[in-house]
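Okay, so here's the structure we're looking at.
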Amino acid sequence: MSLTVDEDGWTPAACHCGTVRLRVRLSDGLASARRCDCSLCRMRGAVAVTAGLGGVEVLEGAEALTEYRFNTGAARHFFCSKCGIYTHHRRRSNPNEYGVNAACLEGVSPFDFAEVLINDGVNHPSDGGGGVVGVLRYERVKGD
934 MSLTVDEDGW TPAACHCGTV RLRVRLSDGL ASARRCDCSL CRMRGAVAVT AGLGGVEVLE
994 GAEALTEYRF NTGAARHFFC SKCGIYTHHR RRSNPNEYGV NAACLEGVSP FDFAEVLIND
1054 GVNHPSDGGG GVVGVLRYER VKGD
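The numbering of the sequence shown is this note's numbering, which starts it at 934 and goes up by one.
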């Protein structure tokens, strides 16, 4: 894994087709990597890392971003309308943070993480639940 970070702490990011280009300033680097088991995240399957409210800037393709909300409507999930890739979301659990798709970060793959903690999104922290409910592990087998 080779996260690209410029001298001001920004990391370039993009969707699959490159229409949406962002720059991201992560709050705690890749140490904040998490998955969630809520109904949307179970289907989306992304590893998310944390950026503060001022830590995500859309540089190109803002008009191509599609927003999705569900349940309470508090969380705002953004996807590229061209390729369908989830880029980031404003969190319900902490509206002062964004979750950013780690796979969109330059030099990062979700398969770079040996372990990723799973947050309890079924029993959401904003509803009195939350916490870590599991660990997702990845181990490359011999070959390529």
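The beta carbon of each residue, even a glycine, is placed where N, CA and C say it ideally should be.
CA-to-CA distance, residue j to residue i, given in whole angstroms
i	j	result
Val1065	His1057	11 Å
Ser1014	Thr1020	11 Å
Val953	Gly988	16 Å
Val1055	Arg967	15 Å
Tyr1071	Ala947	24 Å
Ala979	Asp939	24 Å
Which residues DSSP lists as bridging residue i, in chain order
i	result
Gly1032	Thr983, His1022
Ala964	Answer by DSSP bridge pairing: none, since Ala964 is not bridged.
Thr999	Phe1012
Thr944	Val957
Leu1038	Ala946
Val991	Leu955
Heavy atom of the ligand FAD within 7 Å of residue i beta-carbon
i	result
Met976	The ligand FAD is not part of the structure shown, which contains no ligands of any sort.
Residue interval of the beta strand (DSSP E) (run including residue i)
i	result
Leu1050	1048–1052
Arg1070	1065–1070
Residue nearest to residue i in terms of C-alpha spacing, selected from the options
i	options	result
Ser965	Asn1052, Gly1063, Gly994, Cys974	Asn1052
Asp1060	Ala1036, Gly1032, Cys971, Val980	Cys971
Gly994	Gly1067, His949, Val1049, Thr983	His949
Thr983	Gly1040, Glu1048, Gly1032	Gly1032
Leu973	Gly1040, Phe1011, Asp941	Phe1011
Val1049	Leu936, Glu940, Ala981, Pro945	Ala981
Arg956	Thr937, Leu1069, Val991, Gly985	Val991
Asp941	Gly1040, Arg958, Ala979, Ala1035	Arg958
Gly962	Gly1017, Gly1062, Gly1040	Gly1040
Leu919	Lys1075, Ala1035, Val1068, Gly1017	Residue 919 falls outside the range modelled here, since the chain spans only 934 to 1077, and no answer is possible.
Gly1067	Asn1029, Cys1037, Cys969	Cys969
Enclosing alpha helix (DSSP H) for residue i [first to last residue]
i	result
Leu955	No alpha helix (DSSP H) contains Leu955, which is instead part of the beta strand (DSSP E) from 954–959.
Arg975	972–977
| said: Counting beta carbon pairs with one atom in the segment 1044–1055 and one in the segment 986–1005, are three or more of them shorter than 8 Å? | reply: no
| Cβ contact (3+ pairs, closer than 8 Å) linking the segment 1002–1013 and the segment 1023–1036 | yes
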